[in-house]
Amino acid sequence: MTSATIRYEDVRPAAWGGVLVPPANPSVEPEMQRLLHPAMTLYAARLATMPGTTLEERNRRYIGLYRDAVTAFGDLRLAALVIGLTGPSYRLLPEGDAALSRDLSAHAGKPVATASLAIAAALFSLGARRLCLVSPYPDWLTAEAVAYWRAAGCDVVEVIKMSDTFRAYELTNDEVAAALSRVDHDRIDATVMSGTGMLTLPAILDARNKHGTRPILSSNLCSAWWLLRQAAQHAASPIFDRAVPELAATLRTPQ
Numbered sequence: 173m174t175s176a177t178i179r180y181e182d183v184r185p186a187a188w189g190g191v192l193v194p195p196a197n198p199s200v201e202p203e204m205q206r207l208l209h210p211a212m213t214l215y216a217a218r219l220a221t222m223p224g225t226t227l228e229e230r231n232r233r234y235i236g237l238y239r240d241a242v243t244a245f246g247d248l249r250l251a252a253l254v255i256g257l258t259g260p261s262y263r264l265l266p267e268g269d270a271a272l273s274r275d276l277s278a279h280a281g282k283p284v285a286t287a288s289l290a291i292a293a294a295l296f297s298l299g300a301r302r303l304c305l306v307s308p309y310p311d312w313l314t315a316e317a318v319a320y321w322r323a324a325g326c327d328v329v330e331v332i333k334m335s336d337t338f339r340a341y342e343l344t345n346d347e348v349a350a351a352l353s354r355v356d357h358d359r360i361d362a363t364v365m366s367g368t369g370m371l372t373l374p375a376i377l378d379a380r381n382k383h384g385t386r387p388i389l390s391s392n393l394c395s396a397w398w399l400l401r402q403a404a405q406h407a408a409s410p411i412f413d414r415a416v417p418e419l420a421a422t423l424r425t426p427q
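Numbering-wise (this note's numbering), the sequence shown opens with residue 173 and increments by one.
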């Protein structure tokens with residue numbers, strides 16, 4: 173085959189996954205596509221903008237957009253669809269979040285989960301209960317996140333705040349790495365880095381390479397893992413394997 177030859181399988185992936193993304197979020201698609209196996213392609217749709225609103229107002233309104241948004245892919249044969257947000261789900265607590273995802277799955281005709289529900293599934297798969305929460309949120313949303321994880325049966329033993337305002341889209345790798353350096357891994361089973369807009373992969377890879385550490389889970393990493401499971405893909409990307417080998421190993425076992 174010459175370099176100019178393109179095979180059918182090079183442009184027609186073995187599996188398709190979908191993601192809904194907040195309009196200004198810069199991190200979901202690039203992180204998730206690097207985490208998925210090359211045989212799986214990610215398709216994205218963006219939620220409507222809400223000019224002049226606060227983060228709290230957007231979090232209240234986003235959920236009302238989900239039902240229409242999950243049908244935005246038309247007849248594209250997605251194996252599953254993940255909603256690339258965590259914040260709006262936290263006030264629902266796990267029971268309400270699961271009910272929302274069931275309703276959206278029925279409406280879309282395919283499995284749908286929020287990023288928060290994907291994190292919960294990953295934690296359950298790892299048997300991780302004692303958590304450190306790394307939060308890029310203001311106090312009120314961090315409190316909602318802590319309440320969510322405690323209602324899920326987790327023990328949130330440590331919370332690392334990164335900012336007093338919402339800066340997830342602007343955080344530098346140095347800031348994310350500095351937050352991870354403060355985690356007391358001896359007290360926990362896993363770290364949860366909440367917020368799909370926060371770029372996490374470089375800092376996770378660096379922390380695992382330098383210090384080993386317990387599993388570090390991000391919203392985008394768990395969303396990619398959940399899509400792979402739903403699409404019956406038994407491997408992730410090499411980057412995923414390096415970032416969280418414990419979670420990558422679960423892809424090779426039956427659900």
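Note that beta-carbon positions come from the ideal geometry of N, C-alpha and C, so glycine has one too.
Counted as a single uninterrupted DSSP element, the alpha helix (DSSP H) harbouring I235 occupies residues L227 to A241. Contact between the region 215-232 and the region 267-278 is absent: fewer than 3 CB-CB pairs across the two stretches fall below 8 Å. Taking C-beta separations shorter than 7 Å and ignoring five residues to either side along the sequence, the partners of A403 in its chain run A187, G189, M212, A251 and A252, following chain order. Note that the C-beta distance between R359 and E330 is below 8 Å. Exclusion of the five residues before and after S199 leaves G369 and L371 as the residues of its chain whose Cβ lies within less than 6 Å of its Cβ. Between L276 and R239, the C-beta spacing is below 8 Å. For M204, the secondary structure class from DSSP, reduced to helix, strand or coil, is helix.
The beta carbon of H209 sits closer than 7 Å to the beta carbons of L400, Q405, A407, A408 and S409 from its chain, once the five residues preceding and following it are set aside; these are given in chain order. A Cβ-Cβ distance of about 7 Å is found for the pair V193 and L219, placing them in contact under the 8 Å criterion. Scanning I255, K333 and G256 for the CA closest to the CA of A350 turns up K333. Excluding its 5 nearest sequence neighbours in each direction, R354 has C-beta neighbours in its own chain below 8 Å: I332, listed in chain order. Straight-line measurement puts the Cα of R424 at about 31 Å from the Cα of N197. Going by DSSP, K333 is part of the beta strand (DSSP E) stretching over D327 to K333. The beta carbon of A317 is closer than 7 Å to those of Y262, L305, S307, Y309 and S366 in its chain, skipping five residues each way along the sequence.
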